[in-house]
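Here the working numbering runs 20 ahead of the position in the sequence shown, where the first position is 1.
Notes follow once the structure below has been shown.
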Amino acid sequence: MKICASIWWLLAAIMKKLASMLGEDEEIWYYAGLLHDIDYEQVDMKEHGLKSAEMLQGMLPENALHAIMAHNEMTGVEAKTKFDYALIASDAISGLIVASALVMPDKKLKNVTVKTLKNKFKDKSFARRIDRNKIMYCEKFGLNMDEFFEVALEAMKSVANQLGL
């Protein structure tokens with residue numbers, strides 16, 4: 021399975037866990053996480069998220085479509101809600117966690133710890149394309165960095181075996 025497709029499932033698991041913690045709709049948050057990049061290989065980056073929302077119109081509620089559009093700052097759609105910030109932060113943290121797993125000897129998530137993530141987060145040369153500021157959006161939905169790392173890692177580990185990670 022491609023790493024990109026695996027990340028979508030991992031991101032969906034994070035979103036579902038966050039929704040549960042925040043008293044939000046787990047199913048909607050899960051599907052927003054799973055489908056937010058559905059247009060990724062089809063459009064120019066300036067339209068990424070806009071096309072996904074268009075494709076998902078009528079299948080997901082407006083708040084989910086807004087989060088999907090807002091997750092790519094190039095669309096000009098401003099993040100405003102917990103949902104928006106959760107999707108953006110989860111997208112970023114899922115990449116950091118997968119990158120951390122891939123440098124482990126067995127390339128498995130089971131060996132990634134919160135301490136590992138904190139060290140990789142601080143190392144700006146590691147996974148340079150991951151915007152650490154977006155990970156810190158966790159504070160906009162009520163979690164500090166350590167809490168977010170723990171929740172995201174736990175959620176991803178819960179589905180990792182099914183994805184061969």
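Heads up, the beta-carbon is just placed ideally off N, CA and C, and yes, glycines get one too.
Using a threshold of 9 angstroms, state whether the C-beta atoms of residue i and residue j are closer than that.
i	j	result
Ile12	Ala52	In the structure displayed, the chain extends from 21 to 185; residue 12 sits before or after that span and is not available.
Ser120	Met35	no
Phe141	Phe169	yes
Arg149	Gly115	yes
Ile58	Leu76	yes
Ala172	Ile113	yes
Lys102	Ala90	no
Take the Cβ of residue i as the centre, count every other Cβ of all protein chains shown within 10 Å, and call the residue buried at 16 or more, exposed below.
i	result
Val17	With the chain running from 21 to 185 in the structure shown, residue 17 is simply not present.
Leu38	buried
Asn92	buried
Met176	buried
Trp29	buried
Asp104	buried
Met21	The predicted position of Met21 is uncertain, since its pLDDT is 34 and thus under 50; no value can be drawn from it.
Ile23	Annotation note: pLDDT 45 at Ile23 (below 50); position unreliable, coordinate value reported separately. Exposed is the call here.
Asp166	exposed
Glu61	exposed
Glu174	exposed
Starting from residue i and walking both ways along the alpha helix (DSSP H), at which residues does that stretch end?
i	result
Glu139	One detail in the question is off: residue 139 reads as Asn in this sequence, not Glu. First-last of the alpha helix (DSSP H) with Asn139: 134-142.
Asn165	Note on residue identity: the sequence assigns Met, not Asn, to residue 165. Counting along the chain, the alpha helix (DSSP H) containing Met165 begins and ends at 165-180.
Tyr50	46-55
Gly115	102-122
Asn83	82-90
Lys71	70-76
Asn153	152-155
For the ligand ADP, I want to know if residue i counts as a neighbour, meaning its beta carbon is within less than 8 angstroms of at least one of the ligand's heavy atoms.
i	result
Tyr105	Absence of the ligand ADP is noted for the structure shown, with no ligands found whatsoever.
Determine the closest residue to residue i out of the options, with distance taken between C-alpha atoms.
i	options	result
Met79	Glu61, His56, Lys127	His56
Asp126	Gly184, Lys100, Leu173	Gly184
Ala180	Asp45, Lys128, Lys138, Asn139	Lys128
Val118	Leu137, Lys100, Asp151, Thr101	Leu137
- Query: Should the stretch 83-91 be called in touch with the stretch 130-145, which here means at least 3 C-beta pairs below 8 angstroms?
  - Reply: no
- Query: Given 8 angstroms as the limit, is there contact between the stretch 100-117 and the stretch 150-161, that is, 3 or more CB pairs closer than that?
  - Reply: yes
- Item | the stretch 95-104 / the stretch 56-75 touching (three or more Cβ pairs under 8 angstroms) | yes
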